[in-house]
Every structure is written in structure tokens, then in C-alpha cells.
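Trainee: What follows is a single structure, and I will ask about it in a moment.
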Amino acid sequence: MVDKKPSVTVKEIQEELSIKLLAGENNIERIIEVSDLKRPGIELAGYWKHFVPERIHILGTTETSFLEGLSKETLTERLEKFYSLDPRAVIITRNIKPMDELIALANKYNIPLLQSELSTTRFISRLTAFLEDKLAPIIFEHGVLVDIYGLGILIRGKSGIGKSETAVELIKRGHRLVADDKINIRAIGERELIGTAPERIKHFLEMRGIGIINVKRLFGAGAIKDSTRIDMVVHLDKWKDDKSYERLGIDTYSTEILGIEIPELTIPVRPGRNIALVLEVAAMNHRLNTMGYNAAEDLAEKIKEKKS
Amino acid sequence: MYEREIKITSKYGLHARPAASFVERAGKYDSEIEIVHDGEPANGKSIISLLALAAGKGDRIIIRAEGNDEKDAVNDLADFLKEAE
């Protein structure tokens, strides 16, 4: 699948975190592609072996007071070296007043130099949260995303299997549609998957034989949701008599999306089977499972007790 | 997997009616069909997904198919887009 590499510009960071630009204005549209940050203390002390220019560099009290203690020559030499290695952007925290050299040389090498009023730790945590959100890897998935009892369920299956119809039935039962047929999925901080509808087709859904419908207009604002965490994947499969399907629910299966494991169920579909109902039960059962209850295990335990 | 890149020449691009005809034609094939526009993929058998691409006149798209009739599917759909006004 083709993926776009997510990126964010220094300007967007400046606007989002409302920080001040001190130098390097010409390069404010520079692109940042990594969410890791760097405090270049050891580099400014003269050790340059692992310099990482692609990161944003943060100068806090430690770094700036160290620089102030340097002789004029050493300071100029270190900063020349620092800026010439082309760090994407340099941000000073705590509203520390930067030395003239920091500004002048940033302008010379065209490196954006910015200043925040927040303390280093708080600034780093805010910047990391923003970068992780903006730079989260994204994929586009064909399928339907619904919210059932507060759980985000991604419905997969071949076209024509009835994913959209199932979504409408779920909406009628009080659940919510997030996206039909095309979903943007992002992995936030390598922990969770967030699915949203592409802006252009938000709230729209296609029903064979009727055409395109606007779910929000038809069913109201309560029928839709802008985004959801993805808790489970349900694969709708055409019923095959010779295929065996899950009968106990003791074994669990999972699938991987953007490196994150998500529980997966395969539901066989045949005419007359109420898939929306099956999905409701699946969602509730998943909740019970995550609370530590497994019906099949419970039943097996009860039978064992009776025997002994 | 088989794919071809083509330029959209029809006046209205890959919008409502052309998209509907395209999806209908794509639906005849067994292969999975994907359209890629500007790095973004769409399901060639889903009208909503295709419309989300907002592919207009002059844009280049990739038609990609995977399955036992992939070659026929891609060539047929490419012809269809070339003929569309």
C-alpha cells in the first residue's frame, strides 16, 4: 500500500506552541520528520560523534549556562560547528535571553532559532505530544469503521459482502459510523490506532441499489463520530460449509496494523444472518474479555467442578 | 500484481457519474482493484473511496489490480478512462 510520509514544518510548530522566532526566518518552512528531540549538551562540550541534525535541538538552562561559561573563541567555534552541521531547528526554553552569538550565527547558517517561555521539561512534553500526533505513520484502509458500545470496530471484507449495510443496521440500533469504505488510520506513539474518515467523504455512505446517502442528515448528529480508537478488527467472510469457524472463543486471533496487534474475528456471512447483531455481541464479549472474563473458560471450569 | 499509469482526460475528471461507471466496470472483475492518486490509494470497486481522491482532469493515476484477471481488469479500466468524455 502506498503511504505518504507524514511531516510537519517548523512554522506549524511555532504556531501550534506559540513560540517566538528569533532567527533563521528564511528557513521557517523546513520539514521535520522525526518526533525525537535532542539536548545537545555533549556536542556543545566538543563531542560530535552522534550528532543528529534531523531532530529539533532544545537548549535549556544547562546548555545555555554552559555556553556562557565558554571563552569567546571557543563559544564561536562550537556554535559555528553546531550550526554548520545543520540542526533542523533550535529552540531555547524558559525565555532564556540568548547570547548574541546564538542569534547571529543562526542567521548566518539559516537555522530557525526559536524561544519558548515554558520550562524545558514541560516544553519537551508538549512538543513531543504534538510531534507524535502529527508524525504518526498513516495508512489508508478499505473497510468500514464503526463505534459499537464505545468500541471502535473495523469491518473488513470483500466488496459486496455487506459492510455498508451492516453499518446502517448498526446505526439504526444506536451505534455510530466513523468512516465508510475509506479510513485513514494513524498509529499514535506506537501504542494505539486512531481511525478517521477522509474529510471529503465524511458522513457519506453508499448503499447498493439506493446510492449515496448522508448518514448525518438522515439519522442525525448522534449517528456519527469523527474518529475512534480501533479496538477490534472483524473480517466478514462468505459462509463456506467446508470451512470451520470459531466455536468456543478460547483461542484469540489478531492482526497487525502499522506494527500494532489488534484482536481479529472472522464472521461468516450468509443470507439472513443478522451481522449487526453478531457484531454487537462480539463487541460486548470483547469488553467482557478485556475485563478478564471468558465464557468458554468459565463453562469448562463449571463442568470440571461437577465431575470432581 | 499488474498496474498502469494513465492521465485522466475527461472533462469532469473521476467525479460522480464517471466514477459510478468506473466502479460498475471494476466490479465485474474478480481481482482486487486499487487506484492511486497523489500517493493516496482508493478501492476501485467503491464509489465513495474513488470520490475521496477528487482526481480531476489532467491528473495522473495508477490503476493497480491483483488477482486472476488483473491484466484484463487494468487494461479494460484504462481504456474506459481514455474513452470517457
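Chains A and B, in that order, give the protein sequences.
Quick note on numbering: the first sequence equals residues 115 to 422 in the working numbering.
Quick note on numbering: the second sequence equals residues 361 to 445 in the working numbering.
Note that beta-carbon positions come from the ideal geometry of N, C-alpha and C, so glycine has one too.
Please read all numbers here as calculations on a predicted model, not as lab measurements.
(1) Less than 7 Å between C-beta atoms, sequence neighbours within five positions excluded: which residues of the same chain meet that for E411/A?
(2) Check whether chain A comes within 7 Å of A415/B, counting only Cβ atoms and requiring the distance to be less than that.
(3) What are the boundary residues of the beta strand (DSSP E) that includes H171/A?
(4) M361/B: which of K405/B, E426/B, E400/B sits nearest, CA to CA?
(5) Using only CA atoms, which one of L307/A, K286/A, L319/A lies nearest to K296/A?
(6) Start and end of the alpha helix (DSSP H) containing T235/A?
(7) Applying the 10 Å Cβ sphere with the 16-neighbour rule, what's the burial state of L374/B?
(8) Can you name, in chain order, every residue of its own chain whose Cβ lies under 8 Å from the Cβ of S370/B, other than the five neighbours on each side?
(9) Do T369/A and V383/A have their CB atoms nearer than 7 Å?
(10) Would DSSP call F165/A helix, strand or coil?
(11) Quick one: Cα of R305/A to Cα of I285/A, how far?
(12) Would you list, in chain order, the members of the segment 396-408 of chain B that have their beta-carbon closer than 8 Å to a beta-carbon of chain A?
(13) In the DSSP output, which residue or residues are listed as bridge partners for R424/B?
(14) Using a Cβ-Cβ cut-off of less than 8 Å, list which residues of the segment 252-275 of chain A approach chain B; keep chain order.
(15) Could you name the residues of chain B that D295/A contacts, counting a contact when the two beta carbons are closer than 7 Å?
(16) Can you tell which of I275/A, T342/A, I205/A, I302/A has the C-alpha that lies nearest to the C-alpha of K152/A?
(17) Chain B partners of P312/A, CB-CB under 8 Å?
(18) Taking C-alpha atoms, which residue in I315/A, H256/A, D247/A, S185/A lies nearest to R439/A?
(19) Could you tell me which of K418/A, L232/A, H349/A, R144/A sits nearest to S273/A, measuring between CA atoms?
(20) Classify Y367/A as helix, strand or coil using the three-state DSSP reduction.
(21) Residues of chain B with CB under 8 Å from L319/A, in chain order?
(22) What residues match up with H349/A in a beta bridge as DSSP calls it?
(23) Under the DSSP definition of a beta bridge, which residues are partnered with F254/A?
(24) Could you pull the DSSP bridge partners for T310/A from this structure?
(25) Quick one: what's got a C-beta closer than 8 Å to D345/A's C-beta in the same chain, skipping five residues either side?
(26) Closer than 7 Å, CB to CB, is I72/A near chain B or not?
(27) Short of 9 Å Cβ to Cβ, which residues in the segment 317-347 of chain A face chain C?
(28) Are the segment 396-407 of chain B and the segment 388-408 of chain A touching by the rule of at least three beta carbon pairs closer than 8 Å?
(29) Using only the alpha-carbon positions, how far apart do R240/A and G325/A sit?
(30) If I'm right that F329/B touches L410/B with Cβ under 8 Å, what's the distance once you round it to whole angstroms?
(31) Can you tell me where the beta strand (DSSP E) holding I326/A begins and where it ends?
(32) Give the secondary structure of M213/A by DSSP, where H, G and I count as helix, E and B as strand, and everything else as coil.
(33) How many Å lie between L181/A and L189/A at the Cα?
(34) If T207/A sits next to S230/A, beta carbons under 8 Å apart, how far is it from one beta carbon to the other, in whole angstroms?
(35) Over what stretch of residues does the beta strand (DSSP E) that includes M321/A continue unbroken?
Mentor: To lay it out plainly:
(1) Position 297 of the first sequence, counted from the start, is the residue given in the question as residue 411/A. So the list reads I364, once near-sequence residues are dropped.
(2) By 1-based counting over the second sequence, the position of residue 415/B is 55. It does not; no Cβ of chain A falls within 7 Å.
(3) As a working mapping, residue 171/A is identified with position 57 in the first sequence. Where H171/A is concerned, the enclosing beta strand (DSSP E) stretches over 170-173.
(4) For the purposes of this step, residue 361/B is identified with residue 1 of the second sequence, where counting begins at 1. That would be E426/B, whose Cα lies nearest to the Cα of M361/B.
(5) Along the first sequence, read from residue 1 onward, the residue named residue 296/A stands at position 182. The residue with the shortest Cα to Cα distance from K296/A is L319/A.
(6) Residue mapping note: residue 235/A aligns to position 121 of the first sequence, counting from 1. Its alpha helix (DSSP H) spans residues 234-248.
(7) Taking the first residue of the second sequence as position 1, residue 374/B is located at position 14. Counting Cβ neighbours within 10 Å, L374/B comes out buried, since at least 16 surround it.
(8) Counting from one through the second sequence, the residue named residue 370/B turns up at place 10. If we look at S370/B and ignore the five residues flanking it on each side, its Cβ neighbours are P378, K417, L441, A444, E445.
(9) Residue 369/A sits at position 255 when you count from the first residue of the first sequence. Residue 383/A sits at position 269 when you count from the first residue of the first sequence. No, Cβ-Cβ distance for T369/A and V383/A is not below 7 Å.
(10) Here residue 165/A is taken as the residue at index 51 of the first sequence, counted from 1. In this structure, F165/A counts as coil in the three-state DSSP scheme.
(11) Here residue 305/A refers to the residue found at position 191 when the first sequence is read from its first residue. Here residue 285/A refers to the residue found at position 171 when the first sequence is read from its first residue. Each residue's Cα considered, the two are about 28 Å apart.
(12) V396, G399, E400, P401, A402, N403, K405, S406, I407, I408
(13) Numbered from its first residue, the second sequence carries residue 424/B at position 64. Note: R424/B sits in a beta bridge opposite E363/B, E394/B.
(14) F254, H256, S273, G274
(15) The residue you call residue 295/A lines up with position 181 of the first sequence. N403, S406, I408, S409, listed in chain order.
(16) Taking the first residue of the first sequence as position 1, residue 152/A is located at position 38. Comparing alpha carbon positions, the residue from I275/A, T342/A, I205/A, I302/A closest to K152/A is I205/A.
(17) Looking up residue 312/A in the first sequence gives position 198. Those are A412, listed as they occur along chain B.
(18) No information on residue 439/A is available, as it lies outside the stretch 115 to 422 that chain A covers here.
(19) Counting from 1 along the first sequence, the entry for residue 273/A is found at position 159. The option with the nearest alpha carbon to S273/A is H349/A.
(20) Counted from its first residue, the first sequence places residue 367/A at position 253. Of the three classes helix, strand and coil, the one that applies to Y367/A here is strand, per DSSP.
(21) Here residue 319/A refers to the residue found at position 205 of the first sequence. Under the 8 Å cutoff, chain B gives I408.
(22) Stepping through the first sequence from its first residue, residue 349/A is reached at position 235. R270/A, T380/A, per the DSSP bridge assignment.
(23) Numbered from its first residue, the first sequence carries residue 254/A at position 140. Looking at the DSSP output, F254/A sits in a beta bridge with N298/A.
(24) Residue 310/A sits at position 196 when you count from the first residue of the first sequence. N298/A, S341/A.
(25) The residue given as residue 345/A occupies position 231 in the first sequence. Only L265, G266, I267, I376, P377, H400 meet the Cβ criterion.
(26) A query on residue 72/A cannot be resolved here, the shown segment of chain A reaching from 115 to 422 and no further.
(27) In the structure shown, chain C does not exist; the protein chains are A and B.
(28) Output reads no: the segment 388-408 of chain A does not touch the segment 396-407 of chain B.
(29) The residue you call residue 240/A lines up with position 126 of the first sequence. The residue you call residue 325/A lines up with position 211 of the first sequence. In this model, R240/A and G325/A are separated by some 45 Å (Cα to Cα).
(30) Given a span of 361 to 445 for chain B in the structure shown, any question on residue 329/B remains unanswerable.
(31) Residue 326/A sits at position 212 when you count from the first residue of the first sequence. Unbroken beta strand (DSSP E) run through I326/A: 325-328.
(32) Taking the first sequence and counting its residues from 1, one reaches residue 213/A at position 99. Residue state, collapsed to three classes: coil.
(33) Within the first sequence, numbered from 1, the residue matching residue 181/A stands at position 67. Within the first sequence, numbered from 1, the residue matching residue 189/A stands at position 75. If you draw a straight line from the Cα of L181/A to the Cα of L189/A, it is about 6 Å long.
(34) Along the first sequence, read from residue 1 onward, the residue named residue 207/A stands at position 93. Along the first sequence, read from residue 1 onward, the residue named residue 230/A stands at position 116. Yes, they are in contact, since the Cβ atoms of T207/A and S230/A sit about 5 Å apart, within 8 Å.
(35) Counting from one through the first sequence, the residue named residue 321/A turns up at place 207. Counting along the chain, the beta strand (DSSP E) containing M321/A begins and ends at 318-321.
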